[in-house]
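What follows is one structure encoded as structure tokens, with my remarks underneath.
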Amino acid sequence: MNRFSISIPTATRATCDLLIIGGGVIGAATAFYATRAGLHTIVVEKRATLGELTTSASLAAFRAQFSERVNVALMQESITMFENFRELTGADIGLHQPGYLFVTTAPDGYAQTRARAELQRACGLDDVELLTGKETRARFPYIAAEITGATFRQRDGWLSAHELTYGYARASAAQFFVSTQVTDLLRAGDAVIGARTTRGEIHAARTLLCAGPFSGALAQLAGIALPLENVRRQQLTLGKHALIPRAAPMVVDADTGAHWRPEGQGAVFGWARPEPPSAPLDDVPTDWDFPAHVLAGVARVTPFWNVVIETLKRADLGLVAGQYTEAPDLNPLIGATPLEGLWLNTAYGGHGVMMSPAGARLCVDLLTGKLAAAANPFRATRFADGSYQPGEKMVL
Ligand SMILES: Cc1cc2nc3c(=O)[nH]c(=O)nc-3n(C[C@H](O)[C@H](O)[C@H](O)COP(=O)(O)OP(=O)(O)OC[C@H]3O[C@@H](n4cnc5c(N)ncnc54)[C@H](O)[C@@H]3O)c2cc1C
């Protein structure tokens, strides 16, 4: 049987310990950890290939520079996993670690960045460098004269989301059924016992929603309302240009969230500008106003973009869109639902690629009982029981 098969083994029915719905980076990562833990796992993906919905729209960047202890811990574990990915899976994920640079033009910018670096240190992140405006420009000469402070962490960076997704999938022992859409969840009394798909039924001890923007609609099939919103986010790509510093880190305007990083001889750009929530979409429309906004946004802190803008042609630019799936505290939903048999590993917002290793490992520890539900900070019940802490977080 080809593991990237399009038929269900017994023609009408398959059984497994764990049925994962969704073959994006989160579904593939969870399959990797689940099969290492000995769970017989099936992944169903409605598209013909893995990682083609939100995952393919990602800038594929990662950072440990968060300001909440739980996220710093997730990212430290995840970055260590990326650094060892080749040994663990045999796959080359195109790891780059030129760092993440957060810059500000605020009059008290140095004091602000020092406060953030101290908060991060208190969260266990002790390798963030604090820079004055002058120190920032000495190290990164293309940074604007108006910058008053910055933080930099060298081990942050980016990778290939496609290679990561397929790296997890190939190194797992799971069966992947592509071109297979879940149309309903199977119930026995109050319990979920698998799913009905366009290629037959799959029975499972546990059914796990990793369906990105569609996780909320799938949970609704079982009568569960998840506190999730989908919001469009776009990525601009720019081809080769001589002015782009190829060794630059990810540069983030900490005052606005506009960001860019080099990609080959070109660059990629993102900015979580205000957008209304929308229904889950298979094809997310792009908006050709976005390139002008994001280029002006990053030119504020890296003014050489103003020169690049003057020479740009439409053919130099590419635009893709996807949706961030977000819970109210912008942290993922991981773990059991109130319905027996139905589990979640979803709602990673703008962090699903970077958090995929630790999020999936944590989910599998919960599935196998290695981690107690009460010790899980990402439990879906945190909103209903009032235990969640809306922390300070920049949407990137
Ligand atoms: C513009 C943009 C930039 C981003 N940049 C970054 C970044 O730099 N770093 C980072 O870490 N994250 C980034 N993200 C976020 C990241 O892309 C997501 O968090 C991540 O891809 C989510 O992965 P997922 O597997 O949960 O969802 P998805 O990739 O959406 O996968 C879900 C899968 O489920 C499948 N599915 C849905 N319904 C069904 C069904 N009924 N039956 C079968 N299959 C189904 C879908 O086809 C899809 O393949 C960015 C996102 C966007 C949009």
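Using the working numbering, the letters of the sequence shown correspond one by one to residues 85 to 480. Even glycine gets a Cβ: it sits at the ideal position worked out from N, Cα and C. Since the structure is predicted, the reported quantities are computational estimates derived from the model, not experimental observations.
Query	Result
Spatial distance of residue 441 from residue 164 (CA atoms)	9 Å
Beta-carbon proximity check, residue 335 vs residue 385, cutoff 8 Å	yes
For residue 277, the first and last residue of its enclosing beta strand (DSSP E)	275-281
Distance between beta carbons of residue 292 and residue 105, contact taken as under 8 Å	7 Å
Assigned secondary structure, residue 362 (DSSP; H/G/I helix, E/B strand, else coil)	strand
Where the beta strand (DSSP E) containing residue 100 begins and where it ends	97-105
Whether residue 265 touches residue 89 by CB criterion (8 Å)	no
8 Å Cβ cutoff met for residue 316 and residue 405	yes
Cβ-based burial, residue 460 [other Cβ within 10 Å; buried from 16]	buried
Simplified DSSP state of residue 110, which is helix, strand or coil	helix
Beta strand (DSSP E) segment containing residue 402, residue limits	401-410
Simplified DSSP state of residue 184, which is helix, strand or coil	strand
From 307, 179, 256 and 218, residue whose alpha carbon lies closest to that of residue 125	256
Residue 463, buried or exposed, once every other Cβ within 10 Å from all chains shown has been counted against 16	buried
Residue environment, residue 227, which counts as buried when at least 16 other CB atoms sit within 10 Å	buried
Closest residue to residue 469 among 173, 444, 422 and 171 (Cα-Cα distance)	422
Nearest-angstrom beta carbon gap, residue 437 and residue 139 [assumed within contact, 8 Å]	7 Å
Reference residue 269; option with closest CA among 412, 302 and 246	302
Inter-residue Cα distance where the pair is residue 343 and residue 443	24 Å
Bridge-paired residues (DSSP) for residue 351	322 and 346
Where the alpha helix (DSSP H) through residue 161 begins and ends	153-167
Check: residue 438 C-beta below 7 Å from any heavy atom of ligand 1	yes
Contact between the segment 232-245 and the segment 205-221 (3+ Cβ pairs under 8 Å)	yes
Backbone CA spacing between residue 481 and residue 290 [nearest angstrom]	Residue 481 lies beyond the range of the chain shown here (85 to 480); nothing can be said about it.
Three-state secondary structure (DSSP) of residue 480	coil
Span separating the alpha-carbon of residue 193 from that of residue 381	18 Å
Touch test, the segment 404-418 against the segment 317-325, Cβ-Cβ under 8 Å, three pairs minimum	yes
Coarse secondary structure for residue 418, derived from DSSP in three states	strand
Contact test: residue 446 Cβ vs ligand 1 heavy atom, cutoff 7 Å	no
Nearest neighbour of residue 473, chosen from 448, 411 and 454 [CA to CA]	411
Residues of its chain near residue 217, where Cβ-Cβ distance is below 6 Å and the 5 sequence neighbours each way are ignored	231 and 232
Spatially closest choice to residue 482 from 396, 288, 132 and 108, by CA coordinates	Examination of residue 482 is not possible in this model, given that the chain is present from 85 through 480 alone.
Candidates 134, 358, 174 and 102, of which the one nearest residue 121 by Cα	102
Beta-carbon spacing of residue 144, residue 245 below 8 Å	yes
Residue 246 beta carbon near ligand 1 (any heavy atom closer than 7 Å)	no
Near ligand 1: residue 297 beta-carbon under 7 Å from a heavy atom	yes
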